[in-house]
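Beneath this line is the structure, given in C-alpha coordinates, with notes to follow.
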Amino acid sequence: MFHGFPDVQLAPRDTALSEQFSLLDGEDCVETLLRPTVQKVRVSFAALTYLGSLAQNATSHYALFGRVCGVQVNEAIEITNVLPPVLTSRPPEDETPEQREERLREQQREERKMYERMGRMLLKEELDSYQVGHFAVCSACTNAPYSVRTAQQLAQLAVDGHPSVLLIYDPFRTSLMGKLYLRAFVPTREYVEFYTRINNKRNTLRENRLMRDCHVGKSGVLREVRVEVGVDEYQLLCLDGFSVAPLPSTCATLHSETMAEYTAALIESVRHNTDELSRVLHSESYFSQKEESYGPLAQRIDTLLKLMQLREQTQHLESICDGVLLNTSLLRDL
(Lines of atoms letter the chains of each structure in order from A and count residues from 1; the text may use other names and numbers.)
(Lines give C-alpha, C1' and ligand atoms only; values in the text may rest on other atoms or scores of the structure.)
Protein backbone atom coordinates (compact mmCIF):
# COMPACT_ATOMS: atom_id res chain seq x y z
CA MET A 1 0.00 0.00 0.00
CA PHE A 2 2.90 2.35 0.68
CA HIS A 3 4.83 1.48 -2.47
CA GLY A 4 6.10 4.73 -4.00
CA PHE A 5 5.92 6.70 -0.74
CA PRO A 6 9.03 8.80 0.01
CA ASP A 7 11.19 7.82 2.97
CA VAL A 8 11.20 11.07 4.97
CA GLN A 9 13.66 11.04 7.87
CA LEU A 10 14.54 13.44 10.67
CA ALA A 11 17.54 15.58 9.82
CA PRO A 12 20.71 15.20 11.93
CA ARG A 13 21.20 17.76 14.66
CA ASP A 14 24.35 19.41 13.26
CA THR A 15 25.15 20.03 9.61
CA ALA A 16 28.86 19.96 8.82
CA LEU A 17 29.97 22.84 6.61
CA SER A 18 32.26 22.18 3.67
CA GLU A 19 35.35 24.36 3.58
CA GLN A 20 35.27 24.16 -0.22
CA PHE A 21 31.76 25.58 -0.41
CA SER A 22 32.88 29.24 -0.26
CA LEU A 23 36.01 30.75 -1.78
CA LEU A 24 37.07 33.87 0.13
CA ASP A 25 39.21 36.70 -1.19
CA GLY A 26 41.91 38.56 0.70
CA GLU A 27 39.41 40.85 2.40
CA ASP A 28 37.43 37.90 3.70
CA CYS A 29 34.49 38.56 1.38
CA VAL A 30 32.71 35.96 -0.66
CA GLU A 31 34.17 36.04 -4.16
CA THR A 32 32.71 32.89 -5.70
CA LEU A 33 30.07 30.51 -4.46
CA LEU A 34 30.36 26.89 -5.46
CA ARG A 35 26.89 25.49 -5.94
CA PRO A 36 27.19 21.71 -5.72
CA THR A 37 24.57 19.41 -7.15
CA VAL A 38 21.64 19.19 -4.73
CA GLN A 39 21.30 15.76 -3.11
CA LYS A 40 18.77 16.43 -0.34
CA VAL A 41 16.28 18.96 0.97
CA ARG A 42 15.90 19.79 4.65
CA VAL A 43 12.52 21.25 5.66
CA SER A 44 12.24 23.02 8.99
CA PHE A 45 9.43 21.93 11.28
CA ALA A 46 7.95 25.45 11.25
CA ALA A 47 7.82 25.50 7.44
CA LEU A 48 6.28 22.01 7.37
CA THR A 49 3.51 22.91 9.82
CA TYR A 50 2.72 26.09 7.90
CA LEU A 51 2.59 24.06 4.69
CA GLY A 52 0.14 21.73 6.40
CA SER A 53 -2.09 24.65 7.39
CA LEU A 54 -2.14 25.90 3.79
CA ALA A 55 -3.34 22.45 2.71
CA GLN A 56 -6.80 23.34 4.02
CA ASN A 57 -7.36 25.37 0.84
CA ALA A 58 -6.56 22.43 -1.48
CA THR A 59 -9.04 19.89 -2.81
CA SER A 60 -8.65 16.50 -4.41
CA HIS A 61 -8.56 18.06 -7.90
CA TYR A 62 -7.34 21.59 -7.09
CA ALA A 63 -3.62 22.09 -6.42
CA LEU A 64 -2.18 24.94 -4.37
CA PHE A 65 1.10 26.53 -5.47
CA GLY A 66 3.44 28.94 -3.69
CA ARG A 67 7.06 29.80 -2.93
CA VAL A 68 9.59 28.40 -0.47
CA CYS A 69 12.43 30.35 1.12
CA GLY A 70 15.71 29.18 2.59
CA VAL A 71 19.34 28.72 1.64
CA GLN A 72 21.62 26.11 0.10
CA VAL A 73 24.32 24.68 2.36
CA ASN A 74 26.73 22.30 0.67
CA GLU A 75 24.62 19.72 -1.18
CA ALA A 76 21.43 20.44 0.79
CA ILE A 77 18.72 23.06 0.36
CA GLU A 78 17.33 24.14 3.72
CA ILE A 79 13.73 25.38 3.56
CA THR A 80 12.92 27.69 6.46
CA ASN A 81 9.82 29.56 5.31
CA VAL A 82 6.80 29.14 3.05
CA LEU A 83 5.08 32.00 1.22
CA PRO A 84 1.40 31.37 0.46
CA PRO A 85 -0.07 31.95 -3.00
CA VAL A 86 -2.66 34.49 -4.03
CA LEU A 87 -6.04 32.82 -3.54
CA THR A 88 -8.28 33.32 -6.55
CA SER A 89 -11.83 32.30 -7.36
CA ARG A 90 -12.55 29.34 -9.58
CA PRO A 91 -12.66 30.23 -13.30
CA PRO A 92 -16.00 29.79 -15.09
CA GLU A 93 -16.49 26.61 -17.07
CA ASP A 94 -17.30 28.53 -20.27
CA GLU A 95 -14.10 30.61 -20.11
CA THR A 96 -12.66 31.44 -23.53
CA PRO A 97 -8.90 31.19 -24.30
CA GLU A 98 -8.66 35.01 -24.45
CA GLN A 99 -10.36 35.36 -21.07
CA ARG A 100 -8.10 32.68 -19.57
CA GLU A 101 -4.98 34.44 -20.88
CA GLU A 102 -6.13 37.78 -19.47
CA ARG A 103 -7.03 36.16 -16.14
CA LEU A 104 -3.59 34.54 -15.86
CA ARG A 105 -1.83 37.83 -16.66
CA GLU A 106 -3.83 39.61 -13.98
CA GLN A 107 -3.13 36.79 -11.53
CA GLN A 108 0.62 37.02 -12.19
CA ARG A 109 0.55 40.79 -11.62
CA GLU A 110 -1.25 40.30 -8.31
CA GLU A 111 1.28 37.63 -7.29
CA ARG A 112 4.23 39.91 -8.04
CA LYS A 113 2.70 42.75 -6.03
CA MET A 114 1.90 40.49 -3.08
CA TYR A 115 5.36 38.90 -3.00
CA GLU A 116 7.02 42.32 -3.22
CA ARG A 117 4.99 43.57 -0.25
CA MET A 118 5.65 40.37 1.67
CA GLY A 119 9.38 40.54 0.89
CA ARG A 120 9.60 44.09 2.24
CA MET A 121 7.71 43.06 5.37
CA LEU A 122 9.95 40.04 5.99
CA LEU A 123 13.09 42.10 5.38
CA LYS A 124 11.90 44.73 7.86
CA GLU A 125 11.31 42.05 10.49
CA GLU A 126 14.68 40.41 9.64
CA LEU A 127 12.96 37.19 8.58
CA ASP A 128 14.04 34.88 5.79
CA SER A 129 12.70 35.82 2.35
CA TYR A 130 15.33 34.36 -0.03
CA GLN A 131 13.42 32.28 -2.56
CA VAL A 132 14.82 28.82 -3.28
CA GLY A 133 11.91 27.30 -5.18
CA HIS A 134 8.21 26.55 -5.21
CA PHE A 135 5.79 24.18 -3.52
CA ALA A 136 2.64 22.38 -4.63
CA VAL A 137 -0.01 21.02 -2.28
CA CYS A 138 -2.00 18.47 -4.25
CA SER A 139 -3.38 14.96 -4.26
CA ALA A 140 -2.70 12.02 -6.54
CA CYS A 141 -5.96 12.88 -8.32
CA THR A 142 -4.74 16.33 -9.37
CA ASN A 143 -4.60 16.58 -13.14
CA ALA A 144 -1.44 18.70 -13.43
CA PRO A 145 0.79 18.98 -10.33
CA TYR A 146 3.92 19.17 -12.50
CA SER A 147 3.12 22.17 -14.69
CA VAL A 148 5.27 23.60 -17.46
CA ARG A 149 5.07 27.02 -15.82
CA THR A 150 6.49 25.69 -12.54
CA ALA A 151 9.30 23.92 -14.40
CA GLN A 152 10.14 27.16 -16.20
CA GLN A 153 10.18 29.08 -12.92
CA LEU A 154 12.57 26.53 -11.40
CA ALA A 155 14.85 26.73 -14.43
CA GLN A 156 14.83 30.54 -14.29
CA LEU A 157 15.92 30.43 -10.65
CA ALA A 158 18.80 28.12 -11.60
CA VAL A 159 19.79 30.36 -14.52
CA ASP A 160 19.86 33.38 -12.20
CA GLY A 161 22.23 31.52 -9.88
CA HIS A 162 19.75 30.64 -7.13
CA PRO A 163 18.88 27.25 -5.64
CA SER A 164 15.72 25.79 -7.13
CA VAL A 165 13.55 23.04 -5.69
CA LEU A 166 9.95 21.90 -6.06
CA LEU A 167 8.36 20.63 -2.84
CA ILE A 168 5.33 18.33 -3.27
CA TYR A 169 3.02 17.69 -0.31
CA ASP A 170 -0.02 15.41 -0.53
CA PRO A 171 -2.30 15.97 2.49
CA PHE A 172 -4.83 13.40 1.27
CA ARG A 173 -2.42 10.46 1.14
CA THR A 174 -0.87 11.65 4.42
CA SER A 175 -4.18 11.73 6.31
CA LEU A 176 -5.77 8.73 4.60
CA MET A 177 -2.84 6.34 4.94
CA GLY A 178 -1.15 7.80 8.00
CA LYS A 179 2.28 8.34 6.46
CA LEU A 180 3.89 11.65 5.48
CA TYR A 181 3.93 12.14 1.71
CA LEU A 182 6.52 14.85 1.10
CA ARG A 183 8.74 14.83 -1.98
CA ALA A 184 11.29 17.22 -3.46
CA PHE A 185 12.46 17.67 -7.04
CA VAL A 186 15.17 19.80 -8.64
CA PRO A 187 15.48 20.64 -12.35
CA THR A 188 17.99 18.52 -14.24
CA ARG A 189 21.04 20.17 -15.74
CA GLU A 190 19.90 19.07 -19.18
CA TYR A 191 16.57 20.86 -18.77
CA VAL A 192 18.24 24.03 -17.46
CA GLU A 193 20.54 23.99 -20.49
CA PHE A 194 17.54 23.52 -22.79
CA TYR A 195 15.66 26.36 -21.07
CA THR A 196 18.68 28.66 -21.44
CA ARG A 197 19.15 27.90 -25.12
CA ILE A 198 15.47 28.03 -26.08
CA ASN A 199 15.18 31.53 -24.55
CA ASN A 200 18.36 32.77 -26.21
CA LYS A 201 17.55 35.39 -28.85
CA ARG A 202 20.26 33.96 -31.10
CA ASN A 203 18.73 30.51 -31.04
CA THR A 204 17.67 29.27 -34.48
CA LEU A 205 16.85 25.66 -33.59
CA ARG A 206 13.34 24.37 -33.03
CA GLU A 207 12.19 22.98 -29.70
CA ASN A 208 12.26 19.31 -30.73
CA ARG A 209 15.82 19.64 -32.07
CA LEU A 210 17.01 21.36 -28.89
CA MET A 211 15.39 18.63 -26.80
CA ARG A 212 17.49 16.03 -28.62
CA ASP A 213 20.69 18.08 -28.46
CA CYS A 214 20.32 18.68 -24.70
CA HIS A 215 19.27 15.04 -24.00
CA VAL A 216 16.23 16.17 -22.00
CA GLY A 217 14.25 13.12 -23.08
CA LYS A 218 16.85 10.83 -21.53
CA SER A 219 17.48 12.75 -18.29
CA GLY A 220 13.98 14.12 -17.76
CA VAL A 221 12.82 17.52 -16.59
CA LEU A 222 12.89 16.99 -12.81
CA ARG A 223 15.13 14.86 -10.60
CA GLU A 224 13.94 13.64 -7.20
CA VAL A 225 16.08 14.18 -4.10
CA ARG A 226 15.52 12.87 -0.58
CA VAL A 227 13.75 14.93 2.06
CA GLU A 228 14.60 15.43 5.73
CA VAL A 229 12.63 17.27 8.41
CA GLY A 230 14.56 19.42 10.85
CA VAL A 231 13.17 19.31 14.41
CA ASP A 232 15.02 20.88 17.34
CA GLU A 233 14.95 19.78 20.98
CA TYR A 234 12.36 22.34 22.04
CA GLN A 235 9.96 21.27 19.30
CA LEU A 236 10.42 17.62 20.25
CA LEU A 237 9.65 18.54 23.86
CA CYS A 238 6.44 20.31 22.80
CA LEU A 239 5.40 17.42 20.57
CA ASP A 240 5.90 14.99 23.42
CA GLY A 241 2.82 16.42 25.14
CA PHE A 242 0.47 15.67 22.25
CA SER A 243 -1.72 12.61 22.46
CA VAL A 244 -2.01 10.99 19.04
CA ALA A 245 -4.85 8.60 18.29
CA PRO A 246 -3.73 5.19 17.04
CA LEU A 247 -3.93 4.72 13.29
CA PRO A 248 -6.55 2.34 11.90
CA SER A 249 -5.37 -0.94 10.49
CA THR A 250 -4.47 -1.16 6.82
CA CYS A 251 -7.34 -3.59 6.32
CA ALA A 252 -9.88 -1.11 7.72
CA THR A 253 -8.37 1.71 5.65
CA LEU A 254 -8.35 -0.20 2.36
CA HIS A 255 -11.95 -1.39 2.76
CA SER A 256 -13.35 1.94 3.96
CA GLU A 257 -15.82 4.05 1.99
CA THR A 258 -13.33 6.93 1.87
CA MET A 259 -10.74 4.73 0.20
CA ALA A 260 -13.32 3.56 -2.34
CA GLU A 261 -14.16 7.15 -3.28
CA TYR A 262 -10.47 8.04 -3.38
CA THR A 263 -9.69 5.10 -5.67
CA ALA A 264 -12.55 6.02 -8.00
CA ALA A 265 -11.27 9.61 -8.24
CA LEU A 266 -7.75 8.32 -8.89
CA ILE A 267 -8.94 6.07 -11.72
CA GLU A 268 -10.87 8.97 -13.24
CA SER A 269 -7.76 11.18 -13.09
CA VAL A 270 -5.66 8.46 -14.75
CA ARG A 271 -8.27 8.18 -17.50
CA HIS A 272 -8.31 11.96 -17.99
CA ASN A 273 -4.52 12.21 -18.16
CA THR A 274 -4.30 9.23 -20.51
CA ASP A 275 -6.81 10.80 -22.90
CA GLU A 276 -4.96 14.11 -22.77
CA LEU A 277 -1.63 12.40 -23.43
CA SER A 278 -3.17 10.49 -26.33
CA ARG A 279 -4.32 13.76 -27.92
CA VAL A 280 -0.86 15.30 -27.52
CA LEU A 281 0.86 12.26 -29.04
CA HIS A 282 -1.61 12.27 -31.93
CA SER A 283 -0.72 15.91 -32.59
CA GLU A 284 3.01 15.13 -32.44
CA SER A 285 2.52 12.20 -34.81
CA TYR A 286 0.80 14.51 -37.30
CA PHE A 287 3.72 16.97 -37.29
CA SER A 288 6.33 14.19 -37.43
CA GLN A 289 4.79 12.92 -40.66
CA LYS A 290 5.11 16.36 -42.21
CA GLU A 291 8.70 16.90 -40.99
CA GLU A 292 11.27 14.16 -41.55
CA SER A 293 13.72 15.49 -38.93
CA TYR A 294 11.06 15.81 -36.21
CA GLY A 295 12.57 13.01 -34.12
CA PRO A 296 10.91 10.56 -31.71
CA LEU A 297 7.55 11.25 -30.13
CA ALA A 298 6.82 12.10 -26.48
CA GLN A 299 9.78 14.48 -26.23
CA ARG A 300 8.00 17.74 -25.41
CA ILE A 301 8.27 19.24 -21.93
CA ASP A 302 4.55 18.97 -21.20
CA THR A 303 4.53 15.38 -22.48
CA LEU A 304 7.46 14.37 -20.27
CA LEU A 305 5.80 15.92 -17.21
CA LYS A 306 2.51 14.19 -18.02
CA LEU A 307 4.30 10.84 -18.41
CA MET A 308 5.99 11.42 -15.06
CA GLN A 309 2.65 12.01 -13.36
CA LEU A 310 1.00 9.02 -15.05
CA ARG A 311 3.82 6.77 -13.91
CA GLU A 312 3.34 7.90 -10.30
CA GLN A 313 -0.46 7.56 -10.50
CA THR A 314 -0.36 4.03 -11.94
CA GLN A 315 2.26 3.00 -9.37
CA HIS A 316 0.07 4.36 -6.58
CA LEU A 317 -3.02 2.65 -7.99
CA GLU A 318 -1.14 -0.63 -8.30
CA SER A 319 0.01 -0.42 -4.67
CA ILE A 320 -3.59 0.10 -3.51
CA CYS A 321 -4.75 -2.92 -5.51
CA ASP A 322 -1.89 -5.03 -4.13
CA GLY A 323 -2.85 -4.00 -0.59
CA VAL A 324 -6.49 -4.96 -1.14
CA LEU A 325 -5.53 -8.34 -2.61
CA LEU A 326 -3.05 -9.04 0.18
CA ASN A 327 -5.52 -8.21 2.97
CA THR A 328 -8.28 -10.19 1.25
CA SER A 329 -5.97 -13.19 0.96
CA LEU A 330 -4.98 -12.94 4.64
CA LEU A 331 -8.61 -12.71 5.75
CA ARG A 332 -9.51 -15.71 3.60
CA ASP A 333 -6.69 -17.79 5.08
CA LEU A 334 -7.75 -16.86 8.60
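Residues in the sequence shown are numbered from 1 upward in steps of one, following UniProt numbering.
Cβ atoms here follow ideal geometry from the backbone N, Cα and C, with glycine treated the same way.
Under the rule that a run must span 4 or more residues, the alpha helix (DSSP H) segments found entirely inside the stretch 64-135 read 97-124. Counting C-beta atoms within 10 angstroms of its own C-beta, Glu78 has 16 or more neighbours from the protein chains shown and is therefore classed as buried. Our two residues, Gly161 and Glu75, have alpha carbons roughly 15 Å apart in a direct line. Around the beta carbon of Pro248, a 10 Å sphere encloses fewer than 16 other beta carbons of the protein chains shown; the residue is thus reported as exposed. Counting only runs that start and end inside the stretch 131-182, the alpha helix (DSSP H) elements of at least 4 residues fall at 148-159 and 171-177. According to the DSSP secondary-structure assignment, Pro187 is paired through a beta bridge with Leu222.
Around the C-beta of Lys124, fewer than 16 other C-beta atoms lie within 10 Å, and the residue is accordingly described as exposed. In the structure shown, Lys40 adopts extended strand secondary structure according to DSSP, grouped into three states. Assignment of Gln313 by DSSP, reduced to helix, strand and coil, places it in the helix class. Within the DSSP bridge table, the entry for Leu239 names no partner. For Gln309, the CB contacts under 6 Å within the same chain, skipping 5 residues up- and downstream, are Tyr146 in chain order. Annotated as proximal: Ile168 and Arg183, with beta-carbon spacing under 8 Å. The residues Ala47, Ile79, Asn81, Val82, Leu83, Gln131, Val132, Gly133, His134, Phe135, Val165 and Leu167, in chain order, have a CB closer than 8 Å to that of Val68 in the same chain once the five nearest residues on each side in sequence are set aside.
Boundaries cannot be given for Arg206, as no alpha helix (DSSP H) includes it and DSSP labels it neither H nor E.
One alpha carbon belongs to Tyr191, the other to Arg109, and they sit about 27 Å apart. Per DSSP, reduced to three states, the secondary structure at Gln299 is coil, with no helix or strand assignment. Each of Phe172, Pro12 and Ala151 was checked against the Cα of Thr196, and the nearest Cα belongs to Ala151. Here Ser44 is buried, its C-beta having at least 16 other C-beta atoms within 10 Å.
The stretch 315-330 and the stretch 206-222 do not touch, with fewer than three beta-carbon pairs separated by less than 8 Å.
Contact check for Leu51 and Val148: beta-carbon distance about 23 Å, past the 8 Å limit, so the pair fails to qualify. Contact between Asp170 and Ala140 is confirmed by a C-beta separation of about 7 Å, below the 8 Å threshold. The three-state secondary structure of Val192, taken from DSSP, is helix.
Residues of the same chain with a CB within less than 6 Å of the CB of Asp302, apart from the 5 flanking positions on each side, are Val148 in chain order. Using a 10 angstroms sphere on the CB of Arg332, the tally of other CB atoms stays under 16, which defines it as exposed. Pairing Gln9 with Leu239, the inter-Cα distance amounts to about 16 Å. Distance from Thr142 to Ala265 at the Cβ level is roughly 10 Å; contact not present, criterion being Cβ atoms closer than 8 Å. Secondary structure note for Tyr50: its alpha helix (DSSP H) is the uninterrupted segment Phe45 to Leu54. Take the alpha-carbon of Val71 and the one of Ala252: they are about 42 Å apart.
Nearest to Ala155 by C-alpha distance, out of Gln99, Val221, Glu95 and Asn200, is Val221.
Nearest to Val244 by C-alpha distance, out of Arg271, Ser175, Ser283 and Ser285, is Ser175.
Within the same chain, Lys179 and Tyr181 come within 7 Å of Phe5 by CB-CB distance, once the 5 residues on both sides are set aside.
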